[in-house]
Every structure is written in C-alpha cells, then in structure tokens.
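These notes concern the structure reproduced below.
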Amino acid sequence: MSHSIIFDTDPGVDDAQAIAIALRHPEIELLGLTTTYGNVDVETATHNALLLSELAGRGDVPVAQGAAGPMVKPRYPAPAHIHGANGLGNIDLPAVTGCRDPRSAAQFIVDTVNARPGEVTLVAVGPVGNLAAALQLDPGLTEKVRQVVIMGGSIGEGGNVTPVAEANMFNDPHAAQRVLTAGWPLTLVGLDVTHRCVLTQEHMSRIEAGQGELGKVLAGSYDFYRDFYREFLGIDGCCPHDSCALAWLLRPELFTTAPGHLSVVTEGAAEGQTIFAPEGRGFIQERWSQTPLAEVCLETDGDAVVEWITATLA
Ligand code: BDR
Ligand code: CA
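Residue numbers for the sequence shown follow my numbering, beginning at 2 and rising by one.
Listed below in structure tokens is the structure:
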C-alpha cells in the first residue's frame, strides 16, 4: 500500500535519516516537508530540509516553513550538543539553491489535505505546533486526513529531556495536548519503541554507501550524534527516533500497539508528559477516558526496524 505524506520535521540528525527514507521509499509519495523549530531554529530547519532534498536529487519537493517557537511557553535553546549548532553534526554543508514555498507550514498542510481529502497522511517528528496551527485554520482536517503519525511521547519508558517527558512533547506541550486529543486517526510512536532501536556504525556505513552525496551528510552527522549517545547514554550507536514513525507506517507488523486515551501535561514539573489510559480500563475519574481514542506503540522488534531502515537506504 502506498502513502501520500506530508513530513513535519525539525532536522536534526535523526530527522535527516527519516527524510532520506521519505525521499527514497517507493511506497511513499512525499507531498512536502514542513519545518519547525526544535532541534534547531526554524530557519535552520528549513535550510536543512531544502538541502537534504536537493542532495537526494529531489529539489522538486516543496518545503514550507512553520513554527518558530511554542504556542505558550518560552522556547528552550536548541540542543546543539546533540544535533550540532547547524542541526547536522556541525559538518560543512554544501550551499542550498532552492527556495521555500511561500506559504506557512500550517497553510501548506491545509491546502494539501483539502486538495486530496481522505488521502494524505501527516507524519510529524518534531514539536507539533504546525499541526496545531493547521487545526486552528481548518478544524475539519480531522475528518479529511487519512492518518496522523507522531514521533513523540512515552507511555512506560520515562522521558528523555525530563524524567517523564519526551523532547517533542516537552517542546510544545500545549500544541501536543491539542493535537493528541483532536480526534483524528492518530498513532503515537514514542520512546517505548524508539529506544528499542539502535543504529550502529555498521548500519550507517551501509547507508552511506547507498546514498551518494546525501550519504556523506547522513554519515558525518551520525558521527556527532553517536558521540552524544556514547557520552550521555552509554549506547554504541544512536536511536533513529524519527525513522521509526515511517517504519510504523510502512511495516506496522513490526510493532505492538494498543488503543486508548491520550493527554499531555501542559504545566508544572511533569510538563510534556504523555498520559495514556488504555481503552476500557476504569479509573477513579472519568476524565481519563474522555479524550478521543488514539493508538500508541508499546513494543517493537528493534533489530528488524533498524534493518528495515538500513535496507531502505542502502
Ligand atoms: C525526538 O526529539 C528530537 O531531538 C529528535 O529529532 C526526535 O524527533 C526524540 O525525542
Ligand atoms: Ca525530530
């Protein structure tokens, strides 16, 4: 089955790997990249999205720029120690020749979904302000998208930027609360599964060999990202978080999911925490089962996912 997608992203080393998949996979029609701040500021994210597309020979893919900061809270500084100040491991990058789409990311999403109702899947792998803004422009989007897949959150795994919060949810919890409770067909691909996947140097060598000019950027940025994983997490390799959203879309049989009700903590010490109430389970208050049903990933075969990523790009 093929998928027509808009890929919403903050590239970002692991975003770049996922963008390479979106640009290359024969079962993906990439309708556009929409950008957000997150791993970098939004101008850098847009620059990187244009660059990665051009290096893949896909300068035809529209890139629309979106959120420069969170909806409510102040923006945290970008994590330059993880992704590099340029988002791609501080490696030297070639010049970009193309220009971005003049529309905002939210307008691009609204226009694209309305042009093909029922056909477009939104895959978001950064803070989700662009999706929240699109819903504000057109609340009817919930009935018109085919699917929404979000890399973010954590059900039982704990957080990666606070003890309870995953980065994309933490960066804009108000947008996340809006998007995760919108009542559209949504799957959350969070740390419970992305932490089961480790992309090693051996995988990256195969990817580099298969990706031409883009491969040099993927491999160079990987080196920087891997150093972070080694130093801070003691892992020899990196978690390809954002590629997991595409792996779920294309190879759902590699994942175990469960239906339930999601909400996101927007204030206080637990801001950005995703709360999951399994469908049918009673709690002391009904509030936990009042948000619309969504699907969450709980387990995966990490080796198989990483092999799928590698084989797609090699
Ligand atoms: C998510 O946060 C970002 O740093 C990564 O690109 C990924 O989208 C993982 O928590
Ligand atoms: Ca990301």
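Just so you know, even glycine gets a beta-carbon here, dropped at the ideal spot from N, CA and C.
It should be emphasised that the depicted structure is a prediction, and the values quoted were computed from it without experimental measurement.
For the beta strand (DSSP E) containing Arg227, list its first residue and its last residue.
Counting along the chain, Arg227 sits inside no beta strand (DSSP E); it lies in the alpha helix (DSSP H) bounded by residues Gly213 to Phe229.
Do you know how far the Cα of Gly58 is from the Cα of Gly154?
Rounded to whole angstroms, Gly154 to Gly58 spans 33 Å at the Cα level.
What do you get for Met2, buried or exposed, if any count of 16 or more other CB atoms within 10 angstroms of its CB means buried?
Only exposed fits Met2, as fewer than 16 other CB atoms lie within 10 angstroms of its CB.
Answer yes or no: the CB of Thr126 versus the heavy atoms of ligand 2, is any distance below 8 Å?
A quick correction: the sequence has Val, not Thr, at residue 126. Answer for Val126: yes, Cβ within range of ligand 2.
Bridge partners for Cys239 per DSSP, in chain order?
Cys239 is bridged to Leu200.
beta-carbon Val14 near ligand 1 non-hydrogen atom, thresh 8 Å:
Checking the Cβ of Val14 against ligand 1 gives yes.
Quick one: give me the first and last residue of the beta strand (DSSP E) that Leu32 is part of.
In the DSSP annotation of this structure, the continuous segment of the beta strand (DSSP E) that includes Leu32 starts and ends at Ile29 to Thr36.
Which two residues bound the contiguous beta strand (DSSP E) that contains Ala259?
Counting along the chain, the beta strand (DSSP E) containing Ala259 begins and ends at Phe256 to Val265.
Exposed unless 16 or more other CB atoms sit within 10 angstroms - verdict on Val73:
Under a 10 Å Cβ-count criterion, Val73 is classified as exposed, with fewer than 16 other Cβ atoms of the shown protein chains found around its own Cβ.
If distances are taken between C-alpha atoms only, which option among Gly269, Ala270 and Ala259 comes closest to Arg282?
Arg282 has its Cα closest to that of Ala259, out of Gly269, Ala270 and Ala259.
When burial is assigned at 16 or more other CB atoms within 10 Å of the CB, is His82 buried or exposed?
Flag for His82 reads exposed.
Would you report the Cα separation of Thr257 and Gly303, rounded to the nearest angstrom?
The straight-line gap from Cα to Cα measures roughly 12 Å.
For Gly13, would you say it is in contact with chain D, using Cβ-to-Cβ distances shorter than 9 Å as the test?
Among the chains in the structure shown there is no chain D, since it carries only a single protein chain.
Go ahead and label Glu287 buried or exposed: buried means 16 or more other beta carbons lie within 10 angstroms of its beta carbon, across all protein chains shown.
Answer is exposed; the Cβ neighbour count stays below 16.
Quick one: what's got a C-beta closer than 8 Å to Ile22's C-beta in the same chain, skipping five residues either side?
Ile29, Ser244, Leu247, Ile310, Thr313 and Leu314, listed in sequence order.
Are there three or more Cβ pairs, one per stretch, closer than 8 Å when the stretch 119-131 is compared with the stretch 32-42?
At 8 Å Cβ cutoff, the stretches touch.
From the DSSP secondary-structure annotation, give me the bridge partner or partners of Thr188.
According to DSSP, which records beta bridges pairwise, Thr188 is partnered with Val150 and Glu296.
Residue nearest to Asp61 in terms of C-alpha spacing, selected from Asn91, Arg76 and Arg101:
The closest CA to that of Asp61, considering only Asn91, Arg76 and Arg101, is found on Arg101.
Where the alpha helix (DSSP H) containing Gln108 begins and where it ends
Its alpha helix (DSSP H) spans residues Ala106 to Ala116.
Are there any heavy atoms of ligand 1 lying less than 8 Å away from the beta-carbon of Asn40, as far as the coordinates show?
Yes, since a heavy atom of ligand 1 falls inside the 8 Å radius drawn around the Cβ of Asn40.
Tell me which residues share the same chain as Phe8 and place their Cβ nearer than 6 Å to its Cβ, disregarding the 5 neighbours each side in the sequence.
Only Ala23, Leu34 and Val124 meet the Cβ criterion.
My guess is that Pro12 and Asn49 are in contact by the Cβ rule of under 8 Å, so how many angstroms apart are they, rounded?
Sure, about 4 Å apart at Cβ, within 8 Å.
Any heavy atom of ligand 1 inside 8 Å of the beta-carbon of Leu192?
Yes.
To the nearest angstrom, how far is the alpha carbon of Arg117 from that of Ala134?
Here the alpha carbon of Arg117 sits roughly 19 Å from the alpha carbon of Ala134.
Just checking, does the stretch 157-177 make contact with the stretch 200-209 on the three C-beta pairs under 8 Å criterion?
Taking 8 Å as the limit for Cβ pairs, the verdict is that the stretch 200-209 does not touch the stretch 157-177.
Does the stretch 90-101 touch the stretch 219-239, meaning 3 or more C-beta pairs lie closer than 8 Å?
The stretch 219-239 is in contact with the stretch 90-101.
Restricting to runs no shorter than 4 residues, where is the alpha helix (DSSP H) found entirely within the stretch 6-74?
For the stretch 6-74, whole alpha helix (DSSP H) runs of length 4 or above, ordered along the chain, are 14-25 and 43-56.
Closer than 6 Å by C-beta to Pro140: which residues in its own chain qualify, once you throw out the five before and the five after it? Chain order, please.
Excluding residues within five positions, none has a Cβ falling inside 6 Å.
Taking Thr113 as the reference, which of Leu187, Pro95 and Leu132 has the closest Cα?
Ranking the options by Cα distance to Thr113, first place goes to Leu132.
For Val149, which option in Ser105, Phe171 and Gly184 has the closest C-alpha, if you only look at C-alpha atoms?
Answer by Cα proximity: Gly184.
Do you know whose CA, among Pro186, Met170 and Glu209, lies nearest Leu192's CA?
Minimum Cα distance to Leu192 is reached at Met170.
Buried or exposed (CB count within 10 angstroms, at least 16 for buried), Phe233:
It counts as exposed.
Whole-angstrom Cβ separation of Ala69 and Val43, contact assumed at under 8 Å?
By a beta-carbon distance limit of 8 Å, Ala69 contacts Val43. Their separation comes to about 5 Å.
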